[in-house]
Amino acid sequence: MEKKELDKSNALNRRNFLKLGAAGAALGAVTIPSKARENLANKIDEKTAGDFIKTHDDFPYEVRDDYQPHSNKDIVFSGAFWGFHPEEDIKQSGRAFSAKTYMHFEEKKGFDQLAKALNAGAWSLHNAVTPMSSQGISQEGIFKWEQSRKKEGEFRPNHDWINEHQYQFNNKKEAADCIKRAARLYGADLVGITHRDKRWDYRDFIDPHAIMEGRKEDAVYGWERFPFEPKSVIVMAFEMDYEGIATAPTDVEGAAAGTMYSQMTKVAYQLSIFLKQLGYQAVPCGNDTGLSIPYVIAAGLGEGSRMGNLITYKYGPRVRLAKVYTDFDFVEYDKPIEFGAMEFCKNCMRCAEACPGKAISFDKEPTFEPTYEGANWYNAKGVKKYYMDAKKCFHTWGEFGTDCGSCMASCPYNKPDFWHHRLVDKITAAMPGPVHDFMREMDIAFGYGDVDNPEKIDRFFNPKGRSYNGK
Amino acid sequence: MIFTGIEILFFTLGLLTALFIVALVKYNKELNFDKWSWITLITGGSLALFCIAWSVSSVLEGVPRASSMGMVVFGIPSIVLLLLGRRMAIKKK
Ligand code: SF4
Ligand code: SF4
Chain A
1 MEKKELDKSN
11 ALNRRNFLKL
21 GAAGAALGAV
31 TIPSKARENL
41 ANKIDEKTAG
51 DFIKTHDDFP
61 YEVRDDYQPH
71 SNKDIVFSGA
81 FWGFHPEEDI
91 KQSGRAFSAK
101 TYMHFEEKKG
111 FDQLAKALNA
121 GAWSLHNAVT
131 PMSSQGISQE
141 GIFKWEQSRK
151 KEGEFRPNHD
161 WINEHQYQFN
171 NKKEAADCIK
181 RAARLYGADL
191 VGITHRDKRW
201 DYRDFIDPHA
211 IMEGRKEDAV
221 YGWERFPFEP
231 KSVIVMAFEM
241 DYEGIATAPT
251 DVEGAAAGTM
261 YSQMTKVAYQ
271 LSIFLKQLGY
281 QAVPCGNDTG
291 LSIPYVIAAG
301 LGEGSRMGNL
311 ITYKYGPRVR
321 LAKVYTDFDF
331 VEYDKPIEFG
341 AMEFCKNCMR
351 CAEACPGKAI
361 SFDKEPTFEP
371 TYEGANWYNA
381 KGVKKYYMDA
391 KKCFHTWGEF
401 GTDCGSCMAS
411 CPYNKPDFWH
421 HRLVDKITAA
431 MPGPVHDFMR
441 EMDIAFGYGD
451 VDNPEKIDRF
461 FNPKGRSYNG
471 K
Chain B
1001 MIFTGIEILF
1011 FTLGLLTALF
1021 IVALVKYNKE
1031 LNFDKWSWIT
1041 LITGGSLALF
1051 CIAWSVSSVL
1061 EGVPRASSMG
1071 MVVFGIPSIV
1081 LLLLGRRMAI
1091 KKK
């Protein structure tokens, strides 16, 4: 698992010190040679992680037989911006969000010119090179589907073409290791590889450019335009800045999210070029082309959650996600994992309480259908999970003029990478449900996860505030 | 800075653990602890070390409330246990 590989990368990192402590080797910290210390730490990590992280052979949540792949028309952004649903309220949310994105409010800390400028800079690369991929639109800019081949002797000022020679890896593990190493080199924090699964692909795609140009007949198209039969999907998670997300629901939080949208745009494109130069076809994607959450769950990056986001073992929900579709399939696939997050969600509900839009379910158990009142065309139904009301969420975005994020900021799994949080995570995973209530209360009592707190903005900008990584 | 705050913390905890063990051995020679003195003193000492680790880590990550809560939740019981263990060990003598 990628997570473990990352942990092994630094013999003297914070977690390894804990493991040394756990081994009763406090004296050893002074006397054991570093190689032996690393081996000891890795052994303890494998032992403890192995006890709490279970793997599944199949997709870990029940999927009803009548489940249908979701339509790209049926996402909130398509309803808000491209008129695929007649509801006026969602269009109003879209107009409010668009307008307020460009306005600043000097009297509102976190929504002033400083915060707006920070947010604009964060999103700038994404907006310049893949403008609408964050809204689920395929083929935007460098995320184009087109696969080209270079003619003999032709000069191209880039490498965005498929090499005629296909590189052969010695074995599937080596292939997976090399792909993951490349993704991490380019800037991904977690990487997984899974089979392409048609259930998680959009059923159809919308083309806003055709709508804007008045070509209504081209407004929706299907998979026949996809240039090859994808076999694998490489998924990546990108850690967002802890102190940035803590400022939710402000534009500083939006900047933390936007920074990773720009980053994932870059990395997904770079990884697609890597695959093309190995001689395979590849299409980089952000939120477009398929549903990222089930793909990343299938690839073992984390678990689902009440708020609907992925919860990773290492960063909790504080990640953005990208993927690359490819026809390369000589590779070792990852398996879904479980470390107790969905179970914890049953008792926790902190995100639901923190949500200013009341968009997150308070249901005790996951369900196959949304349980909130009113229209629900924007949910992919038939998977046993918690359904959040994306329309209410987007309405809140329209009120703030930015993307809120209070759910992520409030989640007990959203912690900086410190040994004591890892310890609590492991204890939580080992404990039965009723103890989770207690853990949740302790998380509040210890001062974590409060949102809508202007002091967090001061802390974000304070050069001394960035001490959460133990430096 | 060569070492991070957390690295210095765990190095110091190593030294404190060593000192605690040395102290236990020394006083055991003098007072000859029984089973319950050992259990109470070791639990109290471990909890005190954990309290230091937790509270300093919380300060390093910038959450002072978690630090003070750590002192209350882990620190107070550790002091109670250490005092109790001391009393049991001395009484026995
Ligand atoms: S982003 Fe904000 S409004 Fe949307 S679900 Fe999360 S907390 Fe609620
Ligand atoms: S805040 Fe609690 S209920 Fe919500 S996703 Fe996180 S763990 Fe689950």
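Residue numbers (my numbering), protein chains in the order written: chain A, 1 to 471; chain B, 1001 to 1093. All C-beta atoms in this analysis are idealised placements derived from N, C-alpha and C, irrespective of residue type, glycine included.
- For A/F330, no Cβ of chain B is located within less than 8 Å of the residue's own Cβ.
- Taken through DSSP and simplified to helix, strand or coil, A/A298 comes out as helix.
- From the beta-carbon of A/P416, the residues of chain B found nearer than 7 Å are E1061.
- Among the residues of chain A, those whose CB is under 9 Å from the CB of B/M1069 are M442, A445, F446, G447, following chain order.
- The beta carbon of A/D57 sits closer than 7 Å to those of K335, all from its chain and outside the five residues before and after it, given in chain order.
- The beta carbon of B/A1048 sits no closer than 8 Å to any beta carbon of chain A.
- Bridge pairing for A/C285: A/K323 [DSSP].
- Those residues placing their Cβ nearer than 5 Å to any heavy atom of ligand 1 are, following chain order, A/C355, A/G357, A/A359, A/C393, A/T396, A/C404, A/S406, A/C407.
- Within 9 Å of the CB of B/W1038, no CB atom of chain A is found; the nearest one sits about 16 Å away.
- If the five residues before and after A/R184 are omitted, its C-beta is found closer than 7 Å to the C-beta atoms of V191, all from its own chain and listed in chain order.
- In the three-state scheme derived from DSSP, where H, G and I count as helix and E and B as strand, B/V1022 is classed as helix.
- By the rule that beta-carbons nearer than 8 Å mark a contact, A/H165 does not touch chain B.
- With a contact defined as Cβ atoms closer than 8 Å, B/S1067 and B/L1009 miss out at about 12 Å.
- Counting along the chain, A/M132 sits inside no alpha helix (DSSP H), nor does DSSP assign it H or E at all.
- Interface annotation, B/A1023: not in contact with chain A, CB-CB separation never under 8 Å.
- The C-beta distance from A/M236 to A/L321 rounds to 7 Å, short enough to meet the 8 Å contact threshold.
- In this structure, A/I311 has its CB closer than 7 Å to one or more heavy atoms of ligand 2.
- In chain order, F418, W419, H420, G470 make up the part of chain A whose C-beta sits under 8 Å from the C-beta of B/S1057.
- Just so you know, the alpha carbons of A/A257 and B/R1086 end up roughly 54 Å apart.
- Looking only at A/Q263, A/V383, A/F344, the smallest Cα-Cα distance to A/I293 is reached by A/V383.
- With fewer than 16 other Cβ atoms inside 10 Å of its own Cβ, A/E369 counts as exposed.
- Taking the beta carbon of B/A1066 as reference, the chain A residues within 8 Å of it are F446, G447, Y448, listed in sequence order.
- A/F344 has its Cβ nearer than 7 Å to a heavy atom of ligand 2.
- B/F1050 sits in a helix when the DSSP states are folded into three classes.
- In this chain, A/E146 is not harboured by any alpha helix (DSSP H), its DSSP state being neither H nor E.
- Setting aside the 5 residues that flank it on each side, A/H165 is surrounded in the same chain by G279, each with a C-beta closer than 8 Å to its C-beta; the list follows chain order.
- Listed in chain order, the non-local C-beta contacts of A/C348 below 6 Å within the same chain comprise R440, local neighbours out to five positions each way being set aside.
- The continuous beta strand (DSSP E) containing A/T194 extends over residues 190 to 195.
- For A/V235, the enclosing beta strand (DSSP E) covers residues 232 to 239.
- Shown here, A/E353 sits in a helix according to DSSP, grouped into three states.
- By the C-beta criterion, the segment 1009 to 1029 of chain B is judged not to be in contact with the segment 446 to 453 of chain A, since fewer than 3 inter-stretch pairs fall below 8 Å.
- 8 Å or more divides the Cβ of A/S406 from the Cβ of A/V331.
- Look at A/P412: its beta carbon is less than 7 Å from one of the heavy atoms in ligand 2.
- The Cβ atoms of A/I311 and A/K54 do not sit closer than 8 Å to each other.
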